[in-house]
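Colleague: Chains C and B, in that order, give the protein sequences. Last residue of the first sequence: 341 (the UniProt record's numbering), numbering continuous. Last residue of the second sequence: 284 (the UniProt record's numbering), numbering continuous. Just so it is clear, CB atoms sit at the ideal spot from N, CA and C, and this is done for glycine as well. Below is one structure. I have some questions about it.
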Amino acid sequence: MSDRSTGHAIEAEGLVKTFGKTRALDGIDLRVPAGSVYGLLGPNGAGKTTAVRVLATLTRPDGGSARVFGHDVLREANAVRSKVSMTGQYASVDEDLTGLENLVLLARLLGHRKPAARARAEELLAAFGLTDATDRQVKKYSGGMRRRIDIAASILNTPELLFLDEPTTGLDPRSRSQVWEIIRSVVGHGTTVLLTTQYLDEADRLASRIAVVDHGKVIAEGTPGELKSSIGSGTVHVRLRDAGARPKALSVLSLALGTAVEPDADPVSLTARVDGSDFEASTQAARALSELAAAGIVVDDFSLGQPSLDEVFLALTDAVPAASAASAASASASAEMETAR
Amino acid sequence: MSTAATTTSDVQTVFVPSPETLGAVLAPGARPPRPSAWSASVTFGWRAMLKIKHVPEQLFDVTAFPIIMTLMFTYLFGGAIAGSTDAYLQFFLPGIMVTSVVMITMYTGIGLNTDIEKGVFDRFRTLPVWRPSALVGMIFGDVLRYILAALVILGVGLILGFRPDGGVMGVVAGIGLLVVFSFAFSWVWTMFGLILRSEKSVMGVSMLVLFPLTFLSNVFVEPSTMPGWLQAFVKVNPITHLVDAIRSVMAGSPDASSIMWTLMWSAGFVVVFGFLTMYRYNRR
Ligand SMILES: Nc1ncnc2c1ncn2[C@@H]1O[C@H](COP(=O)(O)OP(=O)(O)OP(=O)(O)O)[C@@H](O)[C@H]1O
Ligand SMILES: [Mg+2]
């Protein structure tokens, strides 16, 4: 089996899929190492769902080829299907049926006999905190519960590769962190996860590699750290005590750093990008801090860090409005996360 | 912001994923062997039954509609065509049974179309099971509805005075033929359910096919009264063969030729439309 020799769960070359005039996939290449979370990050309409559907044997590509654990998705579709599970972006269980009925149905279809199917279903409902909702129709579940039953339905037989298409879109912070915990457990047991998301912090936290997709193309690929360092050495974030001092701080900083300084949405915060080597960046930052002090401006927080993935994303994608909407959503979600913990 | 502010309303159901319990359910157990084609189809049939259990309103179509059809046409045509409703009923009941049940088969296409819209089928299509089983199982569920509709019409007929000479055996054989044909004919609708975009267009096409097929047949009147060109169509119409076959077995004098034609048409529908359906199903 070639999955052992290459160590790749997915290898795709030049995948193309068109819908009328839309090129949903415009030559996607992917190499997903086995045993980790791989993030497919992109704005609305980037082609994430289409890519996942092609890899899960649901959609036939118009061009290119893809192999899952060495099995061609077109010619050996059944071999692929026996190794993968997919949790779609939208409902992937039957809303009219109860949680238990859904899981028993799928367990039976995977070949479990009746008593074993029921036992497995109950075990999963318990582990996913759905025991109380066993006999409730799925359409009466909350958003978080639905996501959990969707994922539970995907691991009835622990798959070798699990596709999760935007598993946390529309979830509250608590439900998101529950899903993250589940994803970590799944990967911890050796399953490879292909996760699509519009949220950069999610990819940052979970994925060991990320492909940034836009207009059906992979526009960047690497570890979260590589992606961040690809667009510049760092970012200076400054938080002031007093919002009234911001105009003055802005001019002091832009002089000291020699770059454009952006006021943030928060009235006491400023952000600037510093270029050059790491050493140059830190000396510049140090000088900026002392000049702020010399100007009598009180600084509550001063940091020099790698750019956030949000900034990477904005720098990489030309779809600025969509991307900034996504990053604003992720920023507020991550802010809430901290308080929820 | 305090933690309480982000707590969801039903506190007792707050779920804290535990690595231990999750780990226990994730430990790869022995994978059972792939289910057989038959067992997968029956499991999908069980799903159809569960859906009837949860949405019993859907049985309205298969009970109320046939009752109305039977009453309406018996009293509308009875006097004019056969002189009395009682005499007409002996001729007409097998025909209206066929008309009603064949009309109900179109719900297969509508049901499939809405089912696919919702995305559950995506999960079914990623399962390593015999591909047609999801559709076969769905039609198994529909067969139950066909039987129910046939029994309802038989009940109404018996109350109104239908007295088949073929007795219980004849009636059972007649309904059996009807179910076989309807199962086969359902594949026409699975194809349309997959090709057409919306539930409404499936409905529209169904009507366009079903009205000529059921009315331009021997269901309501003897074809000998019709113009030659129409007789020619009526003669090859599978519904005519089916009605002839059912009339003959219910009357206790089975007509081998129409039974054979019925079974051949049924086999043809399954082969041709089953193939077209699966072609579309695999390529969506
Ligand atoms: N079945 C379809 N018919 C026509 N166009 C489609 C179809 N599926 C996808 N598209 C188009 O292909 C493009 C990519 O869609 P896709 O759903 O893969 O994006 P996505 O990255 O998953 O977006 P989102 O974040 O909104 O889920 C979009 O322009 C979309 O309109
Ligand atoms: Mg999508």
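1. Please name the residue, chosen from E95(C), G27(C) and L130(C), that lies closest to G64(C) on a Cα-to-Cα basis.
2. I need the DSSP call for M86(C), collapsed to helix, strand or coil.
3. Could you name the residues of the same chain whose beta carbon sits closer than 7 Å to that of S327(C), not counting the 5 residues immediately before and after it, in chain order?
4. Apart from the five residues just before and just after P254(B), which ones in its own chain have a Cβ nearer than 7 Å to its Cβ?
5. Anything in chain B within Cβ reach of S36(C), meaning under 7 Å, just list it in chain order.
6. Please confirm whether T50(C) has its beta-carbon closer than 7 Å to some beta-carbon of chain B.
7. If we count the other Cβ atoms within 10 Å of its Cβ and call it buried at 16 or more, is A150(B) buried or exposed?
8. Tell me which residue opens and which closes the beta strand (DSSP E) that D26(C) is part of.
9. Can you confirm whether E181(C), when its beta carbon is compared against all beta carbons of chain B, has any partner nearer than 7 Å?
10. Would you decide whether V202(B) is buried or exposed? Buried here means 16 or more other CB atoms lie within 10 Å of its CB.
11. Excluding sequence positions up to five away, which residues of its chain have a Cβ less than 6 Å from the Cβ of L148(B)?
12. Could you say which of A267(B), G95(B), A40(B) and V14(B) lies nearest to F128(C) if we only look at CA atoms?
13. On the DSSP letters alone, give me the boundaries of the alpha helix (DSSP H) that I175(B) sits inside.
14. In whole angstroms, give me the CA-to-CA distance for H8(C) and E160(C).
15. Is K118(B) near ligand 2, judged by its Cβ being under 6 Å from some heavy atom?
16. Enumerate, from N- to C-terminal direction, the unbroken beta strand (DSSP E) stretches of 3 or more residues contained entirely within the stretch 210-278 of chain C.
17. In this structure, how does DSSP classify E11(C) when only helix, strand and coil are distinguished?
18. Measure the alpha-carbon distance for M138(B) versus L227(C) and round it to whole angstroms.
19. Taking buried to mean at least 16 other C-beta atoms within 10 Å of its own C-beta, is N237(B) buried or exposed?
20. I need the straight-line Cα distance from L93(B) to S84(B), nearest angstrom please.
21. Give every residue of the same chain whose Cβ lies closer than 8 Å to the Cβ of F140(B), excluding the five residues on either side of it in the sequence, and list them in chain order.
22. Could you give the DSSP three-state label for V320(C): helix, strand or coil?
23. Between which two residues does the alpha helix (DSSP H) holding F140(B) run?
24. Beta strand (DSSP E) containing L74(C): first to last residue?
25. For ligand 1, is there any heavy atom lying closer than 6 Å to the beta carbon of T49(C)?
26. Thinking C-alpha only, which one of T57(C), V52(C), G20(C) and F302(C) is nearest K32(C)?
27. For L110(C) and R125(B), what's the separation of their Cα atoms in angstroms?
28. Closer than 7 Å, CB to CB, is A12(C) near chain B or not?
29. For chain C, find out if any of its Cβ atoms is closer than 7 Å to the Cβ of P128(B); answer yes or no.
30. From A288(C) to R184(C), what distance separates their C-alpha atoms?
31. At a Cβ threshold of 7 Å, is V120(B) touching chain C?
32. Only counting the same chain, and skipping five residues up and downstream in sequence, which positions put a Cβ closer than 7 Å to that of S99(C)?
33. CB S177(C) to CB G144(C), shorter than 7 Å?
34. Less than 7 Å separating the beta-carbons of L40(C) and T196(C)?
35. Closest to I151(C) by CA distance: which of A203(C), A256(C), R205(C) and V84(C) is it?
36. Let me confirm a value: V143(B) is counted as buried when at least 16 other C-beta atoms fall within 10 Å, else exposed. Which label applies?
Modeller: Taking the coordinates as given:
1. Within the first sequence, numbered from 1, the residue matching residue 64(C) stands at position 64. Comparing Cα-Cα distances from G64(C) to each of E95(C), G27(C) and L130(C), the minimum goes to G27(C).
2. By one-based count along the first sequence, residue 86(C) stands at place 86. Strand at M86(C).
3. One-based indexing of the first sequence puts residue 327(C) at position 327. Caution applies to S327(C), whose pLDDT of 40 falls short of 50 and renders its modelled position unreliable; the value that the coordinates give is listed next. Within the same chain, S327(C) has close Cβ partners L200, D310, F313 and L314.
4. As a working mapping, residue 254(B) is identified with position 254 in the second sequence. So the list reads S248, once near-sequence residues are dropped.
5. The count along the first sequence starts at 1 and reaches residue 36(C) at position 36. Per Cβ cutoff of 7 Å: no residues; S36(C) is ~16 Å from chain B at best.
6. By 1-based counting over the first sequence, the position of residue 50(C) is 50. For T50(C), the answer is no, since every Cβ of chain B falls outside 7 Å of its Cβ.
7. Numbered from 1 along the second sequence, position 150 holds the residue referred to as residue 150(B). Result: buried.
8. As a working mapping, residue 26(C) is identified with position 26 in the first sequence. Here the beta strand (DSSP E) through D26(C) covers T22 to P33.
9. On the first sequence, residue 181(C) is found 181 positions in, with the first residue counted as 1. E181(C) counts as touching chain B.
10. By one-based count along the second sequence, residue 202(B) stands at place 202. That one is buried.
11. Your numbering for residue 148(B) matches position 148 in the second sequence. Within the same chain, L148(B) has close Cβ partners V62.
12. Sequence index remark: in the first sequence, residue 128(C) carries index 128 (1-based). Cα-wise, what sits closest to F128(C) is V14(B).
13. Along the second sequence, one-based indexing puts residue 175(B) at 175. Element bounds for I175(B): G167 to I195.
14. Looking up residue 8(C) in the first sequence gives position 8. Looking up residue 160(C) in the first sequence gives position 160. H8(C) and E160(C): Cα-Cα distance of roughly 12 Å.
15. Within the second sequence, the letter at position 118 stands for residue 118(B). It does not: the Cβ of K118(B) is nowhere closer than 6 Å to a heavy atom of ligand 2.
16. 217-222, 234-240, 261-263 and 269-274
17. Against the first sequence, residue 11(C) aligns to sequence position 11. Looking at E11(C) - three-state DSSP - the assignment turns out to be strand.
18. Position 138 of the second sequence holds residue 138(B). Position 227 of the first sequence holds residue 227(C). For M138(B) and L227(C), the distance between alpha carbons rounds to 48 Å.
19. For the purposes of this step, residue 237(B) is identified with residue 237 of the second sequence, where counting begins at 1. By the neighbour-count rule (16 or more Cβ atoms within 10 Å), N237(B) is buried.
20. Position 93 of the second sequence, counted from the start, is the residue given in the question as residue 93(B). Position 84 of the second sequence, counted from the start, is the residue given in the question as residue 84(B). Cα to Cα, the separation comes out at about 14 Å.
21. The residue you call residue 140(B) lines up with position 140 of the second sequence. S41, V42, F44, G45 and A48, listed in sequence order.
22. Position 320 of the first sequence holds residue 320(C). Residue placement at V320(C) is poorly supported in this model, since its pLDDT is 41, which falls under 50; the coordinates are not used for a value here.
23. Against the second sequence, residue 140(B) aligns to sequence position 140. It spans S133 to L160 - the alpha helix (DSSP H) in which F140(B) sits, taken as one unbroken run.
24. Mapped onto the first sequence, residue 74(C) falls at position 74. L74(C) -> no beta strand (DSSP E), and no H or E assigned at all.
25. For the purposes of this step, residue 49(C) is taken as the residue at position 49 of the first sequence. Correct: T49(C) has its Cβ closer than 6 Å to ligand 1.
26. Here residue 32(C) corresponds to residue number 32 of the first sequence, with the count starting at 1. Looking at the sequence provided, one finds Val at residue 32(C) rather than Lys. The residue with the shortest Cα to Cα distance from V32(C) is V52(C).
27. Taking the first sequence and counting its residues from 1, one reaches residue 110(C) at position 110. Taking the second sequence and counting its residues from 1, one reaches residue 125(B) at position 125. Taking the straight line joining both Cα atoms gives about 12 Å.
28. Locating residue 12(C) in the first sequence gives position 12, where the first residue counts as 1. With 7 Å as the cut-off, A12(C) does not count as an interface residue toward chain B.
29. The sequence position of residue 128(B) within the second sequence is 128, counting from 1. With 7 Å as the cut-off, P128(B) counts as an interface residue toward chain C.
30. Here residue 288(C) refers to the residue found at position 288 when the first sequence is read from its first residue. Here residue 184(C) refers to the residue found at position 184 when the first sequence is read from its first residue. Roughly 41 Å between the two C-alpha positions.
31. Within the second sequence, residue 120(B) is the residue found at index 120, counting from 1. By this cut-off, V120(B) is an interface position.
32. Here residue 99(C) corresponds to residue number 99 of the first sequence, with the count starting at 1. Residue identity differs from the one stated: residue 99(C) is Gly in this sequence, not Ser. Cβ within range, chain order: L125, L130, A133, T134, R136, V138 and I149.
33. In the first sequence, counting from the first residue as 1, residue 177(C) sits at position 177. In the first sequence, counting from the first residue as 1, residue 144(C) sits at position 144. Cβ atoms of S177(C) and G144(C): not closer than 7 Å.
34. Within the first sequence, numbered from 1, the residue matching residue 40(C) stands at position 40. Within the first sequence, numbered from 1, the residue matching residue 196(C) stands at position 196. Yes, the Cβ-Cβ distance between L40(C) and T196(C) is below 7 Å.
35. Stepping through the first sequence from its first residue, residue 151(C) is reached at position 151. I151(C) has its Cα closest to that of V84(C), out of A203(C), A256(C), R205(C) and V84(C).
36. Translated into positions along the second sequence, residue 143(B) becomes position 143. Buried.
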